[in-house]
Amino acid sequence: MSQTSAFGAHAADQPLASLAIERRDPGPRDVAIDILYCGVCHSDLHFVRGEWGQQQWPIVPGHEIVGRVTAVGAEVEGFKVGDLAGVGCMVDSCRTCAACEEDLEQFCENGNTLTYGSVEKETGGITQGGYANDIVVDQDFCLHVSEGVDLAATAPLLCAGITTYSPLRHWNVGKGSRVGVVGLGGLGHMAVKLAKAMGAEVTLFTTSPEKADDARGLGADHVVISKDPDQMKGAANSLDLIIDSVAAPHDLDAYLATLGRNGALVLLGVPPKPHPSPGVFSFIRGRRSLSGSLIGGIAETQEMLDFCAEHGVTADVEMIRMDQIDEAYDRMAAGDVKFRFVIDMESMPAATA
């Protein structure tokens, strides 16, 4: 075991602070990574502020990690020292259940190991995330990052990117598809970019008229102000798929009505309270469906990274220092970011505790 400098929470009601954490020494199948950039996900905020239940403190968040490989184990294939690498939301799974055998580790039936807040199989300790100088990960959960991409703007692809890419791929979005996106935040802006890159006609739903220009700049063909009943009525029966990224309760019936026959509404956001229940007629009129999606498996995440590198798709980011993280959380909660914060890990202070 070795110590590294990190930034984490000692309790839900305390600001994040510098601390030292232990990383395991690289084993035969491990890849050690010097972290260059780490994206800031809304899940990080929920986790460290105890909004998803109490955790085992201290906890170091961060699961949108990009860096360079500094060491590899003797059995590692495909990675070498100096390579760019990424780490997303998972660092292990059971690898034997039906989901894992189908490369769907995000749905591991025995419970996957999250990048932070889970029990690390190798040590029995709690996994600690990417708000740190370095990380050690099994090669099977390490992703290749292409040389020449904007690394800071690529980091959010490890969560926001795959979370939106996976349902677009599952529902076979391509040229001629009509895709709606609800919300223009960290997830929503990636959904717009990815759907457009796949060849879809994209409609952005927002409650904020001032976001219309941003949406069109990201690739949206149409913008619908969802609080305008006439605009919503005008969008009726016009879409094949809707990616709903909003993490607040809202009327799902209104969006189901914009789907054509056999259309699907896919929920990605996790609201603190349940959505109002949609009516049965919203489904049976048009054989519509309501579904959900959760990140993606490792193979699909690699596919997404390669697709984004090929098509020049990255997140729109605002760079912050490590000591600005609590301010970033407050701004993120208020929707004051276009569209993802990313931490420049060169700003990591030396551990003091």
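With the first letter of the sequence shown counted as 1, position 284 gets the number 1612 in the working numbering; the numbers rise by one all the way through. C-beta: ideal position from N, C-alpha, C; glycine also. Model, not experiment: these values are computed from the prediction.
Open item on the list: Please report the straight-line C-alpha distance between G1452 and V1594, rounded to a whole angstrom.
Closed with: 36 Å
Task: Alpha-carbon spacing of A1585 relative to G1508, whole angstroms - done: 12 Å
Open item on the list: Once DSSP output is grouped into helix, strand and coil, what is the label at V1388?
Closed with: coil
Open item on the list: For the segment 1619-1626 against the segment 1433-1441, do three or more pairs of beta-carbon atoms, one drawn from each stretch, fall closer than 8 Å, so that the two count as touching?
Closed with: yes
Open item on the list: If contacts are defined as beta-carbon pairs under 8 Å, then L1512 and K1539 qualify, I think. What distance do you get, rounded to the angstrom?
Closed with: 5 Å
TODO: Give the secondary structure of M1660 by DSSP, where H, G and I count as helix, E and B as strand, and everything else as coil.
DONE: helix
Task: Burial state of R1497, where buried means 16 or more other Cβ atoms lie within 10 Å - done: buried
- [ ] From the DSSP output, read off the bridge partner residues of T1531.
- [x] G1508, H1550
Task: Close beta carbons around A1348, own chain, < 6 Å, minus the five adjacent residues each side - done: Q1331, A1679
Open item on the list: Looking at the ligand ZN, does it come within less than 8 Å of A1427, judged from the CB to the closest heavy atom?
Closed with: The ligand ZN is absent from the structure shown, which contains no ligands of any kind.
Open item on the list: Quick check on DSSP: helix, strand or coil for G1514?
Closed with: helix
Open item on the list: Less than 9 Å between the C-beta atoms of P1677 and S1333, yes or no?
Closed with: yes
TODO: Provide the residue span of the alpha helix (DSSP H) that contains V1376, from first to last.
DONE: 1370-1376
Open item on the list: When you compare the CB positions of S1566 and R1613, do they come within less than 9 Å of one another, or not?
Closed with: no
Open item on the list: Taking only three categories from DSSP, how would you classify M1526?
Closed with: coil
Task: Stretch-stretch touch, CB-based, cutoff 8 Å, three pairs: the segment 1381-1388 with the segment 1480-1492 - done: no
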